Structures are given as C-alpha cells and as structure tokens.
Amino acid sequence: MCQPTCMLLLADGSTIGGFHIASDSCSSKQHTNSPIRLTACVVLEPDGHCYSYLSSETLSTSLTVQRFTCASAPSAHIPLLRPVLAFRNKYSLDRPLYLHQHHLLASTLQWQVGHPCRPQGAISARWRCGTFHISRMECADGLRLQSLDGMASVTYMTQSTHFFHASFLAPVEYHGSDQHLAGRGLFTRVEQCFTRHNVPKAFAYSAQVLQHAAAAISDGRQSFAYHGGEEEPSSTNVSSCQLPGSYVVTHLPTNMAFTSRPNWTMFRPSASSTCIMSPSDVFSLCRRYPSNQASAVVATSSTLLSGLCRVEWTRTATFMAFPSQLVCVHVHVDDSAIECTRSGFFHHRRGAQDHCYTVDAIPSHPPFHPQPNVTLFYDVTDICLRAKRRCDVLTEASPADNPDAPLLLAPHQVVEEQHTPMGLFRAFGDGRVRVLFRDRAILSMDPQAKFCSLLLPSGDSITLLATAPSPQHARYRKVRY
1 MCQPTCMLLL ADGSTIGGFH IASDSCSSKQ HTNSPIRLTA CVVLEPDGHC
51 YSYLSSETLS TSLTVQRFTC ASAPSAHIPL LRPVLAFRNK YSLDRPLYLH
101 QHHLLASTLQ WQVGHPCRPQ GAISARWRCG TFHISRMECA DGLRLQSLDG
151 MASVTYMTQS THFFHASFLA PVEYHGSDQH LAGRGLFTRV EQCFTRHNVP
201 KAFAYSAQVL QHAAAAISDG RQSFAYHGGE EEPSSTNVSS CQLPGSYVVT
251 HLPTNMAFTS RPNWTMFRPS ASSTCIMSPS DVFSLCRRYP SNQASAVVAT
301 SSTLLSGLCR VEWTRTATFM AFPSQLVCVH VHVDDSAIEC TRSGFFHHRR
351 GAQDHCYTVD AIPSHPPFHP QPNVTLFYDV TDICLRAKRR CDVLTEASPA
401 DNPDAPLLLA PHQVVEEQHT PMGLFRAFGD GRVRVLFRDR AILSMDPQAK
451 FCSLLLPSGD SITLLATAPS PQHARYRKVR Y
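For the sequence shown, the residue numbers in full-length UniProt numbering are 1 to 481.
Given below as structure tokens:
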C-alpha cells in the first residue's frame, strides 16, 4: 500500500511525487505494531512522456537512474504514477495534458461514437453568450457554467475557496489497432483547478461569465447580459460574439500522449527539461515528509528548490505560488482558501466568511464554524508561515519586481562618475564613494556612510567620523556625502 506524502510542480513543468510504501516483509510480522514505510519518488519530465523512479535500492545499486515511459510503465509503478499524472494535469495549465489508457482506471474511461479514435488538433467547446439567469447557474458549490455541447463545465466555488474548477472531456491514447475502432474515440473527464490570477485561455470566457454572475448576485440582480465584447482581454483564445443567442468557441487542452514514442529507448529528452536537483536530493526531499502530517516540515522544499516550485501538495493543504509574489493556499480539511502577499497580510476565506490576519496575529485554530460531519483540525499558523516563506522566496528570486530590493552589482563596478572643478567623484557597486581632489587628496567613504578615510597629499592617512569631521579638514566637509 502506497500513500502520497508530497507532490511538487516545478516552474519548468517537472513534477515530483513522494510516497511512503508499506514493507510487506515487515507488515507480515505479528510482533510489529506498525509496518515500516519505505520512501519512493516519481520524477515526471515536463512533457509527461517519461519519468524516473527513485528508491533506496535504485540509488544504491546503479550509477544512473533508469527512465521509463508512462505509456509502458511497469505495473508496480502504476499506483504511484497515476496520482502524479493527475496532479500534473490538474495544475499544469500552460502545458498539454498527458492521458494514456495504461495509467487510467477503467471506470473513468468511456467510448464515444462520432469522434476520431486518435484526434488531430484541439477539441472545441461552445459556450452560450447573451442573457444569463442566476437561478440556472447556481449549484451546491457556487456558480456553474456548462458548454452547449456538454464537453466542459466551469464551477466558481463561491461557497468555499472562490477558486475555479474546470471539468471537461479529453481524448485518451491507448494501445490497439484502429481497424475495429473506426468512428469511436476513448475519452476521460479531466479536472483542472485555477484561481483568478492564472485563468487559462481555454476557460477565460467562462471564468469572465462566472465573475459577472457573482457581481450580479452582489448587486441583487437576477440576470445579466454578457456577449464577450470589450470586457474580454485581448490575449484570450476565444471567438467573440455580439448577437444574442449565439455562442463562443474555445479550444480545450490537448493530449500530449498522441505524440509520444512507445519505446522508451528511442525517446529524446526535451530541450526544456532541466535537472535542478540530483536524484539523491529529490529522494532526501521526499523522505523528509512524514507519513502522518506533511505540514510538519515547514521550510524543506522552499530551501532546496529556491523558489522554483510553483505548486506543492501536502495532506493538509495545496500551495500555489505565482510570479507576482502571491501565494494561494487551498486547505483540504475545511475547503477554505488563504492568500498571502508580500505586504504581510493573510486573507482567509470560506464562502461568505472572511478573515484577515497579520503575521503577529495568526490564530492557531480555524476561525470558521465547523461543517456538518467535518472535524476541523489543522494548524493555521503553520500553513500561513509556510505560505509566507514561499512568498519571501518569490520576492528574493525576482529582485527586479521588488522596488525595495538592492541592485545586484559587482563590488568594484563603477556605477557613477562625475568630473567637477573640485575633483573626480566615483560611486562603486558596493556603496563606497571615492573622491580624488585637485590637491591630490583622496577621500573614501564606507557603504554605511559612517566613516571616511582621508589620504592627504603629504602621505598621511587619517580616519574621520562622517558626521563630525575635524576642523582642519573643513574644506572636505561639503563633499563628504
């Protein structure tokens, strides 16, 4: 039996999954109170075609880690590969999906007549535009918009996290001939999760409609009109409509599995695939997550990955980091959401309930009333501090976006030079200032502007306090800054 302990989606598209596997030899002994759990890791490459399997045995017996394809993975790897691929398809919004019959459950597959067995290109979904009635969009989770052809639907979770959940049909690659399957296609339903900060192009129009519906509810309106005109961003991949009763066409995410090679020995790694950590580092990272409470290790992944982790799943919460130095957290226990920005405030909300914390006033227990049949037990302080560390890492990783961050210059680089009648002034990258006067005196000031070193023409060297120089050196006072 394997239990996932952590799953990480990196900025380059790579996915890491850590698992604890119960040892059969130890669990069969009656005198053992609890089975010994071994650590195993699955490292999925950015395109989703191939993966590497890491364990204590593979790292100790081989110099290189063996790579497998997802389409021909060993049966022992399927229980580990299935949740990692589902995690990748759910949160990797800027990359195509990877769906193959080999790693999907039979209960999640369906054959559809009228679709090609191996479609070429993207599948389209049609969305109605015109007048929308709120009563027809309301559901148990919030607001839902379904496409006219039934291929996709998007739910705005206004009763819980205020995130968007998209569900759509996607074609699945499979092993088999095309002769007896002509006119049929294998499909499965895929779910993706995103916030208002990272809406994908495929669901940009539906997300805009749902946001207008939420605004209409706040204004007390029962209906609203939206045609996808000027309010749509120009970067969205949608076809606008202006006539009532017409529809908008969007292209659903494609499946990368149709372009993969079935033989892993013929695979060429993608040029975008970058290895930021050694296999031993990845294995050590996954092993540090305990099996009972993944949130106990607060700064492990943030330290090792140095801000390259975009989505992190633990048993307590899912952390989504955005380049705009924003971290959104989905707490699994009570289905609430926490937003952390570099301003230092935490916005905790669940449905209509809303709380705001500072870093010095984070509650240790959830502030919301417990839901029916749900036991609220998680440490809010631990989750908020973990989100803050991720936000700090993003701020440090992008100093250009932080106006308060100092410029990264070489210590001896001349950043400014001026010639005046008094002499030559130079400012260096580490903050030092040096002045060469006409009388050949040299004045140097430290980066903190506290002390000055003055080399006189006679060859004597003295140290002065920048705020109170000696009277005999008054002629240098007006240039000491």
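In this text, a Cβ means the ideal position worked out from N, Cα and C, and glycines have one as well.
Since we're looking at a predicted model, the values are computed, not measured.
- Listed as beta-bridge partners of I21 by DSSP are C2 and L38.
- Close CB contacts of Y226 within its chain, under the 6 Å cut and outside five residues either way in sequence, are with V209 and H212 (chain order).
- Separation of F319 and K450 (C-alpha to C-alpha, rounded to the nearest whole angstrom) is 44 Å.
- Taken atom to atom, the span from the alpha-carbon of G351 to that of S336 is near 8 Å.
- The segment 418-436 makes no contact with the segment 350-370; the number of CB pairs closer than 8 Å stays below 3.
- When the beta-carbon positions are compared, P421 and R440 stay at least 7 Å from each other.
- L8 places its beta carbon less than 7 Å from that of E312.
- Cβ contact annotation for P447 (same chain, cutoff 7 Å, sequence separation greater than five): D430, G431 and R432, in chain order.
- Using a Cβ-Cβ distance cut-off of 8 Å, the segment 165-172 and the segment 61-81 are not in contact, since fewer than three pairs of beta carbons, one from each stretch, lie closer than that value.
- Between L59 and F283, the beta carbon gap of about 6 Å places them in contact (Cβ cut-off 8 Å).
- Under DSSP, L210 shares a beta bridge with no residue.
- For H165, the pairing in a beta bridge is given by DSSP as T155 and C193.
- DSSP places C309 in no alpha helix (DSSP H) but in the uninterrupted beta strand (DSSP E) bounded by C309 to W313.
- DSSP places L443 inside the beta strand (DSSP E), whose first and last residues are I442 to M445.
- Using a Cβ distance threshold of 7 Å, C328 and T195 count as a contacting pair.
- If you ignore the 5 residues before and after R95, its C-beta comes within less than 6 Å of the C-beta of G13, all in its own chain and listed in chain order.
- The beta carbons of C129 and V248 sit about 5 Å from each other, so the pair counts as a contact at 8 Å.
- With 16 or more neighbouring CB atoms inside 10 Å of its own CB, F163 falls in the buried class.
- Collapsing the DSSP output to three states places L85 in a helix.
- Restricting attention to A71, Q110 and L93, the CA atom closest to the CA of A11 is found in L93.
- Using a Cβ distance threshold of 7 Å, V199 and L186 do not count as a contacting pair.
- For S444 and S343, the gap between their C-alpha atoms comes out near 37 Å.
- Shown here, S453 sits in a strand according to DSSP, grouped into three states.
- Scanning L97, C6, D379 and H348 for the CA closest to the CA of E45 turns up L97.
- Exposure of S324 is indicated by the presence of fewer than 16 other C-beta atoms within 10 angstroms of its C-beta.
- Leaving aside the five residues that flank H332 on each side, the residues in its chain whose CB is nearer than 8 Å to its CB run, in chain order, R315, T316, A317 and T318.
- Comparing alpha-carbon positions, the option among R144, H133, S153 and H330 lying closest to R221 turns out to be H133.
- Bounds of the beta strand (DSSP E) holding F322 are A317 to F322.
- Annotation for I442: L436 and L455 place their beta carbon closer than 6 Å to its own, counting only its chain and skipping 5 residues before and after.
- No Cβ-Cβ contact shorter than 7 Å links T250 with A387.
- Nearest to I21 by alpha-carbon distance, out of E417, A73, H77 and H49, is H77.
- V380 and H100 have their C-alpha atoms roughly 38 Å apart.
- The shortest C-alpha to C-alpha distance from P253 to any of A204, V414 and I123 is the one to I123.
- In this structure, the beta-carbon distance from V84 to T155 does not fall below 7 Å.
- Within its own chain, the residues whose Cβ lies closer than 7 Å to the Cβ of V415, once the five positions on either side in sequence are excluded, are L409, A427, F428 and G429, listed in chain order.
- I338 sits in a strand when the DSSP states are folded into three classes.
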